[in-house]
Every structure is written in structure tokens, then in C-alpha cells.
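Colleague: Everything in the sequence shown is counted per the working numbering, starting at 3 for the first residue and increasing by one. Quick reminder that beta carbons are idealized off the backbone N, C-alpha and C, glycines included. This is the structure, below, for whatever I ask next.
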Amino acid sequence: MVRDVAAKAGLPSDFLWGFATAAYQIEGGATADGRGPSIWDTFCKIPGKIADGSSGDVACDSYHRTAQDIELLQKTGAKAYRFSISWSRVIPKGGRNDPINQAGIDFYVKLADDLLAAGITPFVTLFHWDLPDELYKRYGGFLNKDEFVADFAHYSRVVFEALGSRVKHWITFNEPFCSAILGHSIGAFAPGHTSDRTKSAVGDSSREPWIVGHSILIAHAHAVKIYRDEFKARDGGEIGITLNGDWTEPWDPNDEQDRIACDRKIEFAICWFADPVYFGRYPESMVKQLGERLPTFTAEESELVKGSNDFYGMNHYCANYIRHRGDAVVADPDDFSGNIDILFEDKFGNSIGPETQSFWLRPHAPGFRKLIKWLSDRYGRPKIYVTENGTSIKGENDLPMEEILEDDFRLEYFRSYITAMAEAVAEDGCDVRGYMAWSLMDNFEWAEGYETRFGVTYVDYENGQKRYPKKSAMEMKNIFDQFVGKV
Ligand code: PNW
């Protein structure tokens, strides 16, 4: 690992660390107690969309095993747990005039109560990609801004009302980039829209992702306004959005254009959402490349979105080398990265990091510190919670269980990334207050199905979803003990 040995590293004494999951990836109970289908239930039924032909129908069966999950969290010494709410469990059809499912609400109320009783702080995500299928069928989901915003606002109010006295850390949306790009440009994620007609009969990759992103930003801002106006005084909590983004290094460090392209890649991935949230407008580089295909904010929308974060939710996994394409290369209308090449090797053949089971993920811990600083500089040192960070391991699923439990590669990943984060705090003065590793347990890894494992806990899907903590689960506390209270 490349590391500045002289760097100070430390985290504040009240630092909240723990693990993250998402509803569709772990809950199962797909039709239990009145839950309605989400776009992921529908998407998984289309042959060829999920690598192993699986779905989240059963997953880790956490809907029936929250006691085991909490016990697991306690075993690791975790202080926080991030989970998401399945919208269609709470409102099976999703809409503002549709019936509410009390059993769904009761499930999350009990989960929050049990976590608090165990001394674990809940972080709750309102939306982790599982749009109620009915809203997609009714009006196209995110593509209909007015309907989507009104329905999301209603859903968030219902959840704040039910859980607000227990939950003090709210995340509106998880990684809107993925709903927009993977869901409406590449088509690898639900609802699978893309211009590629070999993959889907519907979609326009040049326009839909930007409409989807816009709708989500406005919906986020409305939910934040509702929380601040109606609940914050009573409940005293905080709310923000979680964005994903990788670090970038220039393919040729001596080429100024590659360095500019590195920033542009981050602008297209992260600032697409973060600039509106902090500045009330889209990045100039996006306006320039996308022209009238990028929606514009009305003055009222811009006001609403600007300042709509109490904290910055950061999901971070890896890094890439970036090469610019030269002014002669006109951006493809379907391009969503800023007209660049995204590479695993630089000009000299150096690799950014080792391969994992995920084609897009090559660990590069120094990039974590650099991105935390880059974001802190751009947005005025916001309070940051790292809401996801973790890795898969190449070939892990093919190993016998005893070897899976000795996940040294993952442990080393966490050690190096958490050290990099502690340097960003102690050395660079960044304000990171919490960290949730992805993930508490192996789970349904979306289009990769169950073949890719991200858990610090092994889940034996063949034998009743039994959970076995891996080495990384039990070492996490030791890693944090080294840094917490050292600034
Ligand atoms: C995150 N990519 O998503 C999600 O929030 C989790 O639900 C997921 O399980 C985790 O990362 C691991 O994949 C991503 O293709 C999914 O670049 C895919 C990408 C990035 C993030």
C-alpha cells in the first residue's frame, strides 16, 4: 500500500462506525404481510438480467431474522447500523392515495426499537433503488417528475411520522447515479431502460438518465423540507443524501488534459448531484457537454435543492486512471462520464489495484483520503458520514467455507481504507463522523446475484441462511480502536 508514513491518523471520540445493508438485498419476505412488488422483483423475473438467475425473494431472510442480525452487530462491537426501508412494504402500491400497510411499518419500528435496545444507532435510507412497481407501471416512476416527487414526499412523511422519535440519521436516496445510469442508460439495473435495443425495447440513454437524476434531486429536496419543517423540531435528527463516486488518477500525470479529465469524471459522477445540493446548480462541464438534454432548475427548485444536506453521505469503493480524448472527439450522446477513457492501468502499465470479483472494483486506498479532501474543499468542509465502503474478493464464492471465513484480502482493504480516512481527518482536517462498511453480510448483489459476496459475514444460502462472521467482521473493532479518540 502506498502510504505517507509520516501522516497523522485519528478519528473523533464519538465516531460512529458499523455496517450497512439494503432492504431488497437482505430482507426476502417478498410477499410477506402485504408487501407489494418493487421494480427489482419484476426485473429479476426477466431471463438473463441476473447473473445466476436469482432474485431477492428470500435473500438473507432478514425479514424473519432481525434478532440474528442484531446479535451479529453486537458481536462485532458496532455502534451504528445502516438499513433501508422497502417502500412497497410500507405502501404496497406506493402512491399518495394508496393504502398504507401497518404490518410493514411495524416491522421497521420493531427493528429500530431493538437496535436502540442493543445500543446501536440506526441510520435509515428511505430509498435504495426498490421503487414500487405500481408507480413504474402507473406513470414511469422517476421519469414523471411531478408524480414521483409527490409520491416520494408522501412516503417520506409516513416514515418520519412512524420512526422519527427513534431514528435521528436519515438518508433520502442511495446513489441516485445508479438509478439514473445503471437503470436508465446502461440498463443493467431495474427498470432496465437503455437505447441498446438488444437489451430493452424501451429507453433513451441520451435523455432519460438526466431526467431521472433531476426528479430524484427534487424529491430529495422535498423530503428534506418536510423533515425540517414538520419533524426536526420534535425529533432533533439530521438528513442528507448518499452519493457514490470513485477517485480518479491521470493516465499521464504530466498531461494537463488528463488531470482536467479526472476532475470532469468526478463532476459527472458526484457533482451532478452534490453541486445542486450545495450550490443550487449543475456543474458547468455537464451543462457544456449535455446542452438542452440536461434539465434546468426553476428558480424555486434551485432554492429548494440548495442547502438540502445536513451531512454528506459518501459511498466509496475504488479508483480509476482517466485519459482525455482530445477536442476532436465529439462526445457520444449516450456518454455519461465526461467524454473520457476510464482505465485500470496508467501510461506506464501500473495497475490501480488488484482485481476483485466485481469488474468495476479495484481497491486503491490512497484515493479515499484524496476524495474526502477533494469533496471537503469543494463543499466547505461538510460533515461526512461514509455510508458504504467495502470489497468483494475474486473467486471467494468458489472457496470452501473455512477459507471464506479467513478473508484477509477484505480485512486488508478495510485496514488501508480506514487508515486513509483517519488521515483525511487528522492530517487534512476533514470532518468525517461515521463509517459504515458494506456489508454486514453477504447478500443479493443486484445483477451479480449471489455469486459476488461483499459481506463481513458469510451467509450459507443452502442451509437456512445461517450466518458465520468472517475474520474482517471480528477485526473491525480493533481497527477503529486504533484511531478513535486520537484527534
Ligand atoms: C453500491 N458500479 O452500488 C450499492 O449501494 C450497494 O447496494 C451494492 O451492493 C454495493 O455498492 C456493492 O456493489 C454500486 O457498477 C453498484 O460502479 C455498482 C457500481 C457502483 C456502486
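Quick test of your reading: Leu133 and Gly143, contact by CB under 8 Å. State the CB separation rounded to the nearest angstrom.
Modeller: With a Cβ gap of about 5 Å, Leu133 and Gly143 count as contacting.
Colleague: Should Glu163 go down as buried or exposed, given a rule of 16 or more other Cβ atoms within 10 Å for buried?
Modeller: Answer is exposed; the Cβ neighbour count stays below 16.
Colleague: Mapping the DSSP letters down to three states, classify Ala82 as helix, strand or coil.
Modeller: Strand, per DSSP.
Colleague: In the DSSP assignment, the beta strand (DSSP E) including Phe162 goes from what residue to what residue?
Modeller: Here Phe162 belongs to no beta strand (DSSP E); instead the alpha helix (DSSP H) covers 147-165.
Colleague: Our contact map puts Met423 next to Val458 with C-beta atoms below 8 Å; I'd like the distance itself, whole angstroms only.
Modeller: With a Cβ gap of about 17 Å, Met423 and Val458 do not count as contacting.
Colleague: With distances taken between CB atoms, is the gap from Arg295 to Ser207 smaller than 8 Å?
Modeller: Their beta carbons are not under 8 Å apart, which means Arg295 does not touch Ser207 by this criterion.
Colleague: Anyone know if the C-beta pair for Thr127 and Asn176 falls short of 8 Å?
Modeller: Their beta carbons are under 8 Å apart, which means Thr127 touches Asn176 by this criterion.
Colleague: Go to Asp343, then tell me how far its beta strand (DSSP E) extends in each direction, as first and last residue.
Modeller: Its beta strand (DSSP E) spans residues 342-345.
Colleague: Considering only DSSP beta bridges, list what Ile173 is partnered with.
Modeller: For Ile173, which the question treats as bridged, DSSP gives the partners Thr127, Gly242.
Colleague: Residues in the same chain with beta-carbon distance under 7 Å from Ser474, minus the five sequence neighbours each way, listed in chain order, please.
Modeller: Same-chain partners within the cutoff: Asp409, Arg412, Leu413, Phe416, Val458.
Colleague: Could you tell me how far apart the beta carbons of Ile354 and Asn322 are, in whole angstroms, since I believe they sit closer than 8 Å?
Modeller: Rounded, the Cβ-Cβ distance is 6 Å, consistent with contact.
Colleague: Which stretch, first to last residue, makes up the alpha helix (DSSP H) that contains Tyr280?
Modeller: First-last of the alpha helix (DSSP H) with Tyr280: 274-281.
Colleague: Return the Cβ separation of Leu1 and Val307 in integer angstroms, given the expectation that the two are a contact with Cβ distance under 8 Å.
Modeller: Coverage of the chain is limited to positions 3 through 489, which leaves residue 1 absent and any answer about it impossible.
Colleague: Find the nearest neighbour of Val226 within the set Phe179, Ile213, Tyr284, Glu303, judged by alpha-carbon distance.
Modeller: Closest by alpha carbon: Glu303.
Colleague: Identify the continuous alpha helix (DSSP H) that holds Gly309 and give its terminal residues.
Modeller: Counting along the chain, Gly309 falls outside any alpha helix (DSSP H), and DSSP gives it neither H nor E.
Colleague: State the DSSP-derived secondary structure class of Pro193, mapped to helix, strand or coil.
Modeller: Coil at Pro193, not helix or strand.
Colleague: Please say whether Thr298 and His222 have beta carbons closer to each other than 8 Å?
Modeller: For His222 and Thr298, no; Cβs fall outside 8 Å.
Colleague: With Ile87 and Cys62 assumed to form a contact (beta carbons below 8 Å), what rounded beta-carbon distance in angstroms separates them?
Modeller: Contact flag wrong, Cβ pair sits at about 16 Å.
Colleague: Hey, Glu429 and Lys10 are a contact pair by Cβ (cut 8 Å); roughly how many whole angstroms apart?
Modeller: Yes, they are in contact, since the Cβ atoms of Glu429 and Lys10 sit about 5 Å apart, within 8 Å.
Colleague: Does DSSP put Val434 in a helix, in a strand, or in coil?
Modeller: Three-state DSSP puts Val434 in a strand.
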